[in-house]
Amino acid sequence: MREHGEEFSRIGLKVVIVTFESDFFARAYEAENGLDWPLLVDRERQAYRFYDMLRASFWDLWGPSSWRAYLRELGRGGKLRPASDDIHQRGGDVLIDPQGIVRLHHVGEGPADRPSVEAILARVTGAGG
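Counting from 1 along the sequence shown, just add 1060 to a position and that's the residue number in the numbering used here.
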């Protein structure tokens, strides 16, 4: 997603990352990945509950789609980092327009389940309905 940062800026899309991890681990992640976007820490997981991002099952975490994602990341020269907190917490993506209307609400079924950047851009530009 970071490689699309210039395009996001050009169309006025603002990205915010939300994590439930402690401030120490959140800042370490931010520094390790060179994030340019704001990183918010939601230790009480209020945003997660509000958007129905609850608990992932064992199969969601360790099923074939997760292994494919991990192998793809390693193949790109990435590295896997050990979890420092609750691995069962689901993640997701929420796209909210300037009027506060949710245009995309995706609850991930596992670490590999994210909408494509193209799908997000289509929602922003109106091409995705």
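No residue lacks a Cβ here, since even glycine has one placed at the ideal position from N, Cα and C.
Terminal residues of the beta strand (DSSP E) in which residue i lies
i       : result
Gly1152 : Gly1152 to Ile1156
Leu1164 : Val1162 to Val1167
Residue i in three-state terms, based on DSSP
i       : result
Ile1147 : coil
Leu1099 : strand
Val1078 : strand
Arg1174 : coil
Nearest candidate by alpha-carbon position, reference residue i, set the options
i       : options                               : result
Asp1096 : Glu1178, Gly1065, His1165 and Asp1112 : Gly1065
Tyr1108 : Tyr1130, Gly1135, Pro1098 and Phe1080 : Phe1080
Gly1152 : Gly1094, Thr1185 and Phe1110          : Phe1110
Leu1181 : Glu1067, Leu1131 and Ala1088          : Glu1067
Glu1191 : Leu1121, Asp1145, Ala1129 and Glu1092 : The chain is shown only over 1061 to 1189; residue 1191 falls outside these bounds and no answer can be derived.
Arg1103 : Asp1146, Lys1139 and Ile1071          : Asp1146
Phe1084 : Glu1063, Leu1099 and Glu1178          : Leu1099
Ile1156 : Arg1183, Gln1149 and His1148          : Arg1183
Range of the contiguous alpha helix (DSSP H) that encloses residue i
i       : result
Arg1062 : Per DSSP, Arg1062 belongs to no alpha helix (DSSP H) and is neither H nor E.
Arg1183 : Val1177 to Thr1185
Arg1087 : Asp1083 to Asn1093
Whole-Å CB distance - residue i paired with residue j, under 8 Å assumed
i       : j       : result
Ala1086 : Val1076 : Going by Cβ atoms, the distance from Ala1086 to Val1076 rounds to 13 Å, so no, they are not a contact pair.
His1166 : Pro1175 : 5 Å
Ala1129 : Pro1171 : 6 Å
List, from N- to C-terminal side, the alpha helix (DSSP H) runs of 4 residues or more that fit wholly inside the region 1103 to 1135. 1106 to 1110, 1118 to 1122 and 1124 to 1135
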